[in-house]
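Trainee: Numbering (my numbering), first residue to last: 142 to 687. Here a beta-carbon is modelled for each residue, glycine too, at the ideal position from N, C-alpha and C.
1) Closest by CA to residue 319, which one among 556, 430 and 527?
2) Across the segment 448-457 and the segment 243-261, are there enough close Cβ pairs to call them in contact, namely three or more that are closer than 8 Å?
3) Inspect the beta-carbon positions of residue 498 and residue 183 and report whether they are closer than 8 Å.
4) Which one of 511, 556 and 580 has the shortest CA to CA distance from residue 567?
5) Which first and last residues belong to the beta strand (DSSP E) in which residue 256 is found?
6) Taking the CB atoms as reference points, tell me whether residue 216 and residue 275 lie closer together than 8 Å.
7) Apart from the five residues just before and just after residue 642, which ones in its own chain have a Cβ nearer than 6 Å to its Cβ?
8) Give me the Cα-Cα distance between residue 309 and residue 440, rounded to the nearest whole angstrom.
9) Between 514, 406, 240 and 558, which has its C-alpha nearest residue 486's C-alpha?
10) By the 10 Å Cβ neighbour count, where 16 or more other Cβ atoms means buried, how is residue 574 classified, buried or exposed?
11) Please determine if the segment 489-498 and the segment 518-525 are in contact, where contact requires at least 3 C-beta pairs separated by less than 8 Å.
12) Please report the distance separating the alpha-carbon of residue 477 from that of residue 534.
13) Using DSSP's beta-bridge definition, name the partner residues of residue 196.
14) Roughly how many angstroms separate the alpha carbons of residue 244 and residue 450, rounded to a whole number?
15) For a test of the three-state rule: what should DSSP assign to residue 454, helix, strand or coil?
16) Could you give the C-beta distance for residue 539 and residue 427, rounded to a whole number, given that I count them as a contact under 8 Å?
17) List the endpoints of the continuous alpha helix (DSSP H) containing residue 354.
18) For residue 291, count the other beta carbons within 10 Å of its own beta carbon; 16 or more makes it buried, fewer makes it exposed. Which is it?
19) With a cut-off of 8 Å, do at least 3 Cβ pairs link the segment 384-391 to the segment 330-350?
20) Following the continuous beta strand (DSSP E) through residue 309, name the residue where it begins and the one where it ends.
21) Tell whether a beta-carbon distance below 8 Å holds between residue 279 and residue 301.
22) Would residue 605 be called buried (16 or more neighbouring beta carbons within 10 Å of its own) or exposed?
23) Report yes if the CB atom of residue 235 is closer than 8 Å to the CB atom of residue 214, and no otherwise.
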């Protein structure tokens, strides 16, 4: 088995080297083409999803905050996109070319031009803040305007050398909008499918084959962790713990062979790929990618409706599930650059969708928004990690060739529509979810039609738009909250806060030992699913903060 893992690691390293060579070649070719064509293009809007930075791992003592390394990873990601989208003049670097978004404020943040959102996890919201510090750094110059001039003639500047304040929407599980960021969260059918995946022969065989490898690390890297949880069932959490120790523990840094860390990454990627990509005709595993795809089209569509005036830049922050799912759904994992899309992304990675047009077809070199959607195109870009040698590379979607990286808008919409879940009602039905907003939608449909419809049969025939569904869900949530509060007051209930420290030293290991399927991520509306030995405990790995 040791020889097998060694061979697997060697193949992984060789694959990485081959991929690096291919990516460099592709980058040079695509960059050269973009440099020629980019001069004639106008970027109208972009949607970017960014993987949060390094955080305290689940198998470590909490709180599970963003680390300084994680913050810097997102700062670098923000700086990279500043070079691409906010450069007033050509500022081509080794990482990206300059494609300024038309009309996007360059130096002073204008929150009305952007849509920035993330889940309520501390490390996600902190990642968003760090990213925005890179995208819009403090304005250290003295600003003289009506807001800064005081009545006595003095000037008042923003603190922290001109720190700029982004408007970041933090989505909880009570807001239907969270499904666009993390459609797998609170989705019972997704969890049920993951349980079935754990019992498949491929999963069981991999768990058996890798056990001796995990056992070899149990007394070193994973010392102090319950040996019963050091197995393939917890591959993701174990990899993140090992990576954290390698980055922050000098003893582990000096003793852990990098090839073993690579092997842990390969195993974690295989496990998460099994959980989050379509399998055997079952698409529920890729639910995170399906809802994300819908949000991309929504936001670019808003930009088109406003003729490029609103939603110029949409920034979304979350975990790796939307990446993995979308890679599979869009055929990136089987396309010309498949090797780049068959594993989890690195922290700080982002995927971007840019809406652009070629203005040379307009008279007098003017740059009006295209009057016909046939003049609009979309390109997909991906950057894996924040290493200064990792470029932003454009890739073709949906099985197209390298010569078709620029996708006509209408073709893009049709292809995305085929893989997406476009309405909260469809998500509720597909997931079999009992969230409060799902209950509100169900009541509305029942009252309107006299029967429960099947929204998942065809999104185009759904009677509820996302906005209407959100209003319904919010209304139901508010009403229930008020009712519960009134009852609690009448009967004298009170809420006692118990700190995390009072739970003993087990932390989240207690969840793994007891076999709780969702661990710290379990929502109040979720059924308690348990597996012997903690199997599947790493399918969903966010930690909620209140």
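Mentor: Here's the rundown:
1) 430
2) yes
3) Inclusion of residue 498 and residue 183 in the CB contact set at 8 Å is warranted, their separation being smaller than that value.
4) 580
5) 255-260
6) yes
7) Here residue 642 scores only 39 on pLDDT, less than 50, and its place in the model should not be relied on; the value that follows carries that caveat. The answer is none, since no qualifying residue turns up.
8) 16 Å
9) 406
10) With 16 or more other Cβ atoms within 10 Å, it is buried.
11) Between the segment 489-498 and the segment 518-525 there are three or more C-beta pairs closer than 8 Å, enough to call the two in contact.
12) 13 Å
13) 207
14) Taking the CA atoms as reference points, residue 244 sits about 8 Å from residue 450.
15) strand
16) With a Cβ gap of about 15 Å, residue 539 and residue 427 do not count as contacting.
17) 342-359
18) exposed
19) Taking a contact to require three or more Cβ pairs closer than 8 Å, the segment 384-391 and the segment 330-350 do not qualify as touching.
20) In the DSSP assignment, residue 309 falls within the beta strand (DSSP E) that extends over 309-312.
21) yes
22) Bear in mind that a pLDDT of 47 at residue 605, under 50, signals an unreliable position, so the number given afterwards is only what the model happens to contain. Answer is buried; the Cβ neighbour count reaches 16.
23) Their beta carbons are not under 8 Å apart, which means residue 235 does not touch residue 214 by this criterion.
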